[in-house]
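For reference, the structure discussed in these notes is given below.
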Amino acid sequence: MNHIDRKNRILKVIFWSYIFFLFLVVAVKFTGNNIDNIIARWNIISSGREAGERNLNLIPFSTIRPYLKHFSRSYAYTNIVGNLIVFIPIGYLVPVVYQKRKTFFKAMSTCFLIIISIEVFQYVTCLGFCDIDDVILNMLSSAIGHIVYRSIHKQKDG
């Protein structure tokens with residue numbers, strides 16, 4: 458195995474490990490010692506579903522707007538900043554790992570599929586809320602990662 462193949466294999470392991478990490482932390486909200494909290498959240502969301510409530514928000518900015526008004530509160534800060542930061546590595550890694558995904562549109566399409574997979578997983582499993590605002594923030598985060606990728610690789614190539 459040559460140096461480039463080995464480097465590509467390592468990058469793919471890093472990429473897929475990070476995807477796994479995202480599913481654990483973002484979708485399941487697993488932090489290492491909170492199984493009871495995960496089960497409790499699942500019970501609350503599934504009970505709400507049985508009562509006719511949905512763990513779904515399809516109205517853009519209906520979650521973000523109140524969070525911005527109360528940004529100093531920890532839950533608002535954590536939600537907005539967390540959603541803005543967590544996908545930066547994905548936006549960067551997609552074009553690095555998958556050479557055919559270097560253009561902004563192709564990289565963002567891949568990021569979108571990953572983000573939608575997480576949101577649908579949360580909806581189907583009742584482990585969280587499927588929220589269009591999360592998609593918006595995560596896509597913005599991915600775009601930031603891709604801009605970082607472009608600026609670094611433009612400097613390397615230029």
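In terms of my numbering, the sequence shown opens at residue 458 and continues consecutively.
Yeah, the Cβ is synthetic: ideal placement off N, Cα and C, and Gly gets one too.
What you are looking at is a predicted structure, and each value in this text was computed from that prediction instead of being measured.
Leu513 (DSSP reduced to helix, strand or coil): strand
Three-way DSSP call (helix, strand, coil) for Gly615 in this model: Per-residue confidence for Gly615 stands at a pLDDT of 48, beneath the threshold of 50, marking its modelled position as unreliable; no derived number is given.
C-alpha gap between Asp588 and Arg466, whole angstroms: 33 Å
Bridge partner(s) assigned by DSSP for Cys587: Leu513
Three-state class that DSSP yields for Phe518 in the structure shown: coil
Neighbour-count burial assignment, Phe564, 16 or more Cβ in a 10 Å radius: Rather than Phe, the amino acid found at residue 564 in this sequence is Ala. Its Cβ being crowded by 16 or more others within 10 Å, Ala564 is buried.
Supposed contact pair Ile575 and Val483 - C-beta distance, whole angstroms, cut 8 Å: Distance from Val483 to Ile575 at the Cβ level is roughly 6 Å; contact confirmed, criterion being Cβ atoms closer than 8 Å.
Same chain only: Cβ atoms within 7 Å of Leu541, ignoring 5 sequence neighbours per side: Leu594, Leu597 and Ser598
Whether Val543 touches His603 by CB criterion (9 Å): no
Coil, strand or helix - Tyr580 by DSSP: helix
Cβ neighbour criterion (16 or more within 10 Å) applied to Asp591: It counts as buried.
Buried/exposed call for Tyr618, threshold 16 Cβ in 10 Å: There is no way to answer for residue 618, as the model of the chain reaches only from 458 to 615.
For Tyr524, three-class secondary structure by DSSP: Looking at Tyr524 - three-state DSSP - the assignment turns out to be helix.
Neighbour-count burial assignment, Pro546, 16 or more Cβ in a 10 Å radius: buried
Boundaries (first-last residue) of the alpha helix (DSSP H) holding Lys469: First-last of the alpha helix (DSSP H) with Lys469: His460 to Leu479.
Burial state of Val666, where buried means 16 or more other Cβ atoms lie within 10 Å: Outside the shown range of the chain (458 to 615) lies residue 666, about which nothing can therefore be said.
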